[in-house]
Amino acid sequence: MQYKQVFGNALANQLTDVLSYDSLMMMIERPKHDSLGDFSFPCFELAKHYRKSPNMISKEIADKLDSPLFEKVESVGGYINVFLKKEKVSKKTVEAILKMKENYGNSLVGEGKTITIDFSSPNIAKPFSMGHLRSTVIGNSLSLIAEKNGYQVVRINYLGDWGTQFGKLIVAYNKWGKEEKVKQRPIKELLALYVKFHEEAEKKPVLNDLGREAFKKLEDGDEEALLLWEWFRDESLKEFLKIYNKLGVTFDSNHGEAFYNDKMERVVDTLAEKSLLVESEGAHVVEIEGLPPSLIKKRDGTTLYATRDLAAAIYRQENYHFTKSLYVVGNEQSLHFKQLFAVLDKMGYEWQKGMAHVPFGMILKEGKKMSTRKGKIVLLEEVITEAVQIALTNIEDKNPNLPNKSVVAEQLGVGAIIFHDLKNYRLNDIEFSLEDMLRFEGETGPYVQYTHARTSSLLRKGNYIVREDHQVNYTDEEAWPIIMLLEAFPQTISKAMDDYDPSQLAKLLLALSKTFNKYYASVKILDDNHQEDRLSLVYAVKIVLKDGLRLLGIQAPEEM
Ligand code: ARG
């Protein structure tokens, strides 16, 4: 049982006709000071309703508030403050973790339901951008969190492998490309061709027409164009796989835009049958109330990003029968997804209600969006290599005898990069800073990983063996803030799911690490009469840190 809910239920009994349970739960706060209790509820908004002062209201409610889990209830300055029975709550929380271990925090809300998550989805023949990195780490974490909540997850990498840009690339390759060069360094070379095409097209706009023609050929199945395209795709995918392996990310489907090439006609036909297709200047569009029309077919008959996403959404529903379907894609594509969902709605598909765009902010360089067109980009692979190198230097410095140094260095370097992203609320823009990404101290992944390794080392030193039926008996005041954070883990996981927001979990792990390190500095854990009780607390912290990091997509080494 979650204690916030215990408090919420007790309040609800008295406030049913004034506030809904959900809104009063949202109003419950965690006081900044222990002297103000463990939870508090502000009564200021109730003043209008009752026509009494907040002080009087909080006093009246507090007097009647009761639960066997409350030590005391106080009314202070318009707030109702609840103090939990520390011993009882500590005992229950730690005993629950000893029993459930890494299953602690699991939920069944998603049982029997499938969720598709479209994430990463880089564009072939282009480097893996920082924006795609965001999509990858957020999407991967949401996938893991969804599984923890009981969902069956289908991870989809919707590769950007179709569109006019491939026509342009084919033209550029035929004009200036060299086979050996592309073979040696595919992405760099293809990007160079792409950049050159745009430079030249500024001077010679006909190039753009040639590009469009080449793409039309591709869509019509021209052998030669297809061969080139396939080659670009394979080489790109190989490079992306290197990055996914480093990040520990996998997919259930790599069906990109091209996969839907032969599935769009059906969609266009259905739109026509439902009389949703309107001709506009030779092109075909679907009109949407309150939004710009969605362009389905261009004048030359070629299809668009929107058409392919429509076909893909229908395919996913038909094949996976999803209850929810998420798209982890930058904020700048908000309009596209609004249009997509609206068109599906007009087509009469009820299931579109389960779809959601999970947007995120941009990575900025000196306040501006980073652009691939200009060719000035930071290569992710190089960033990862550098992070791992720094980790290795740190280890050589502090713990040169560590076994598996290079494995641990990988875990730390990658942990730093992933955590750096996930600790921020996803909609915030992030200023790109290599220095920040590679930081190991303060609010970082390696700091949480380090705290986890500390718990492991304590358990080893104390020869701790979990006893599931251990009757925990705490008297440590210092342990209380830890207990409250452990207790908040399950609800944080379900909230992170509801809000599609892994940062809530990242923040909990930081708080737990800080709190635990403080406890470690002030309480003698080993060689004491209370060793087993204290080590079972350490064990509980280890379980939550390890599983929490796992849910962010980060590994937790035992030693570092
Ligand atoms: N490839 C696209 C891009 O890089 C993202 C695709 C997102 N997913 C989707 N179903 N539209 O901008």
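Each step along the sequence shown adds one to the number in the numbering used here, with nothing skipped, and position 81 is 172.
Even glycine gets a Cβ: it sits at the ideal position worked out from N, Cα and C.
beta-carbon residue i near the ligand ARG non-hydrogen atom, thresh 8 Å
i	result
residue 212	yes
residue 533	no
residue 403	yes
residue 251	yes
residue 420	yes
residue 396	yes
residue 129	no
residue 424	yes
residue 223	yes
residue 427	yes
residue 209	yes
residue 343	no
residue 652	Since the first residue shown for the chain is 92 and the last is 651, residue 652 is missing from the structure and cannot be characterised.
For residue i, three-class secondary structure by DSSP
i	result
residue 374	strand
residue 446	strand
residue 179	helix
residue 476	helix
residue 466	Since pLDDT at residue 466 reaches only 47, below the 50 mark, its modelled position is unreliable, and the value read off the structure follows with that caveat. Three-state DSSP puts residue 466 in coil, outside helix and strand.
residue 591	coil
residue 295	coil
residue 103	helix
residue 648	coil
residue 639	helix
residue 652	Outside the shown range of the chain (92 to 651) lies residue 652, about which nothing can therefore be said.
residue 413	coil
residue 251	strand
residue 617	coil
residue 306	helix
residue 652	This structure leaves residue 652 out entirely; the chain is present only between 92 and 651.
residue 379	strand
residue 288	helix
residue 393	coil
residue 239	helix
residue 605	helix
residue 130	strand
residue 598	helix
residue 123	coil
residue 229	helix
Residue span of the beta strand (DSSP E) that contains residue i, given as start and end
i	result
residue 246	243–247
residue 455	454–456
residue 385	382–388
Endpoints, the alpha helix (DSSP H) within which residue i is located
i	result
residue 336	314–338
residue 109	Per DSSP, residue 109 belongs to no alpha helix (DSSP H) and is neither H nor E.
residue 365	Run containing residue 365: none; DSSP gives neither H nor E here.
residue 270	270–275
residue 436	425–437
Test: residue i CB closer than 9 Å to a CB of chain D
i	result
residue 412	The chain inventory of the structure shown lacks chain D, comprising one protein chain alone.
Is the number of C-beta pairs between the region 535–543 and the region 499–512 that are closer than 8 Å three or more?
yes
Would you call the region 227–234 in contact with the region 264–282, where contact means no fewer than 3 C-beta pairs closer than 8 Å?
no
Any chance the region 122–142 sits against the region 605–618, with 3 or more Cβ pairs inside 8 Å?
no
As an exercise, report each continuous alpha helix (DSSP H) stretch of at least 4 residues that is fully enclosed by the region 144–226, in chain order.
145–155 and 177–191
In chain order, each alpha helix (DSSP H) run of at least 4 residues that lies wholly inside the region 483–569
496–513, 525–528 and 536–552
Are the region 469–485 and the region 438–445 touching, with three or more C-beta to C-beta distances below 8 Å?
no
Could you tell me whether the region 288–303 touches the region 215–226, where touching means 3 or more Cβ pairs closer than 8 Å?
no
Spell out a yes or no on whether the region 398–414 and the region 354–370 are touching, meaning 3 or more CB-CB pairs, one atom from each, closer than 8 Å.
yes
Can at least three beta-carbon pairs, one atom from the region 195–208 and one from the region 150–168, be found at a separation below 8 Å?
no
Segment contact, 8 Å Cβ cut-off, at least three pairs: the region 155–166 with the region 92–112
yes
Across the region 169–183 and the region 561–576, are there enough close Cβ pairs to call them in contact, namely three or more that are closer than 8 Å?
yes
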